[in-house]
Amino acid sequence: MRIEADDFNNYRKFCREFLEREIVPEHQIWEENGLVERTFWERFGQSGLLGMSVNPEFGGQGKSDYRFAVILTEELIKAGVTVPGIVAHNDIVASYIFALGNQEQKKRWLPELCNGKRVAAIAMTEPSGGSNTADIKTVAKRQGDYYLVNGSKTYITNGINADLIIVAVKTEQGKQGQGISLLAIERDMPGFSRGEPLKKIGWNGSDTAELFFHDCKVSVTNLIGRENLGNYYFMSAMPRERLSISTVAVASAEHILQSTLEYVKERTAFNQPIGSFQYNRFVLAQLDTEVKIARTYLDNAVALFNQGLFSLVDAARIKWWTTELQMKVADRCLQLHGGLGYMRDSTVGKNWLNSRAQTIYGGTSEVLQEIISKSLGL
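See the structure below:
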């Protein structure tokens, strides 16, 4: 089905008005508390913005064109609303279940993920390591019709609010990277507990926690996909996750740069706007050019993704380049704001703090460059 420009424009207008009306008025309080309330998720669900790519049969909107996800992310950034939790819920967990789950699992979980009655998380990172899923130490031993899970996870987005968590576990010993499976662990399962909310320096409204499993009993009906194929599933899903993070990066860089351009035209020093000084003009000219290159790069990546041609290496390249650029833009723009930029409640200050995590989660810049270099035969 052909999607017209008006469809995207109307969707953007809907996202913007929804956020301004339902989320922005309370978001500052949630950020101060370090946790968005459950009403955050319920309102998103009622609006139809959760699980948007999921088929209507399972409660979604059936918007499989990734450009809709881009629009939502852009409007979240402009509104200053917490992004990581939505990405984890929408672009990762809902996508995993829709792509890998059987009919019974889809009917059991997707409708409530789409209406906001369940919050989702994915748990891969462990205290001993993060980017290399092959080193997972959380173990799940099959005992008849259930698994016993033992281990822990850390830095898990939505870790406090989550009702359904896709957990990477070791189900079979073998060569590195083999024997990994995905289990859906649900709230209040015996043997599952959470630590206190972790205090981050950015994305304060997005709750992050440690998860613990001590003889956690999980039914085999909660196995996502086939046993021992988890690493393959990670590799298949990683391009979408990294494209999501890249979208956040480009949208953030554009937003920070635009607000900075407005500021330097108004703020004066030595009887002239600070944006008129040659050094500042050149810095902004360079940032403007690089951000426009990033937008072109992202648009091309989205087109490839929609065609099923976006590879793991493509995802590594764009995630590395755009997130590093986001940090650069945030840092340069904060400097141009002077003391105002260093204030916790300033727009540029918040973006600077939020930007720092972007080169870490979803694969660190160092790991991504390893992937890229290997694709070059190095």
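Counting in the numbering used here, the sequence shown runs from 4 upward without gaps. Cβ coordinates follow ideal geometry from the N, Cα and C atoms, glycine included.
Straight-line Cα distance separating residue j from residue i
i, j, result
"Glu199", "Gly233", "28 Å"
"Leu374", "Gly311", "This sequence places Ile at residue 374; Leu is not what is there. Each residue's alpha carbon lies about 20 Å from the other."
"Leu371", "Lys377", "10 Å"
"Glu25", "Gly119", "14 Å"
"Glu115", "Arg46", "13 Å"
"Asn153", "Val170", "11 Å"
"Leu301", "Ile363", "19 Å"
"Gly65", "Met55", "6 Å"
"Ala187", "Val332", "38 Å"
"Asn309", "Asp94", "14 Å"
"Gln31", "Glu175", "45 Å"
"Glu78", "Arg19", "6 Å"
"Asn164", "Gly88", "10 Å"
"Glu213", "Leu381", "37 Å"
"Ala392", "Ser349", "The shown model of the chain, from 4 to 381, leaves out residue 392, and the question about it has no answer."
"Leu379", "Leu315", "13 Å"
"Leu151", "Gly341", "54 Å"
"Ser50", "Ile321", "31 Å"
"Gly37", "Lys202", "8 Å"
"Tyr149", "Tyr99", "21 Å"
"Met127", "Gly278", "45 Å"
"Trp323", "Gln361", "9 Å"
"Arg15", "Asp138", "41 Å"
"Leu22", "Asn283", "34 Å"
"Glu369", "Ser255", "22 Å"
"Asn105", "Lys220", "21 Å"
Integer Cβ distance of residue i from residue j, believed to fall under 8 Å
i, j, result
"Ser155", "Phe215", "5 Å"
"Arg70", "Phe17", "Not a contact, Cβ separation roughly 14 Å."
"Ala91", "Thr160", "5 Å"
"Arg121", "Leu167", "5 Å"
"Thr211", "Tyr158", "6 Å"
"Ser184", "Ala143", "7 Å"
"Arg335", "Val267", "Contact flag wrong, Cβ pair sits at about 11 Å."
"Lys109", "Phe61", "5 Å"
"Ile80", "His258", "5 Å"
"Thr224", "Lys173", "Between Lys173 and Thr224 the Cβ distance is about 20 Å, and since that is not below 8 Å, they are no contact."
"Asn231", "Gly182", "5 Å"
"Ala319", "Gly365", "In fact, because the Cβ distance is near 10 Å, the residues do not count as touching under 8 Å."
"Val253", "Arg298", "6 Å"
"Ala306", "Ser249", "Going by Cβ atoms, the distance from Ala306 to Ser249 rounds to 14 Å, so no, they are not a contact pair."
DSSP bridge partner residues for residue i (one or two, in chain order)
i, result
"Ile168", "Ala124, Ile188"
"Ala152", "Per the sequence presented here, residue 152 reads as Val, with Ala not at that position. Val152 is bridged to Ala143, Cys219."
"Ala319", "Looking at the DSSP assignment, Ala319 forms no beta bridge with any residue, so it has no partner."
"Arg197", "Leu214"
"Lys173", "Val142, Ile183"
"Thr271", "Pro276"
"Leu232", "Ile183"
"Ile159", "Ala212"
"Leu79", "Looking at the DSSP assignment, Leu79 forms no beta bridge with any residue, so it has no partner."
"Leu264", "DSSP output for Leu264 lists no bridge partner at all."
Any C-beta of chain C under 8 Å from that of residue i
i, result
"Asn93", "Annotation note: the requested chain C is absent from the structure, which comprises a single protein chain."
Report yes or no: do three or more beta-carbon pairs, one from the segment 351-367 and one from the segment 199-211, lie closer than 8 Å? Taking 8 Å as the limit for Cβ pairs, the verdict is that the segment 199-211 does touch the segment 351-367.
Are the segment 324-342 and the segment 286-295 touching by the rule of at least three beta carbon pairs closer than 8 Å? Yes, they touch.
Does the count of Cβ pairs from the segment 272-279 and the segment 226-243 closer than 8 Å reach three? Too few Cβ pairs lie closer than 8 Å, so no.
Could you name each continuous alpha helix (DSSP H) segment of 4 residues or more that falls completely within the segment 302-374, going from the start of the chain to the end? The alpha helix (DSSP H) runs of length 4 or more contained entirely in the segment 302-374 are, from start to end of the chain, 315-340, 350-358.
What are the start and end residues of each continuous beta strand (DSSP E) run of 3 or more residues lying completely inside the segment 42-74, in chain order? Listed in chain order, nothing qualifies, since the segment 42-74 has no complete beta strand (DSSP E) run of 3 or more residues.
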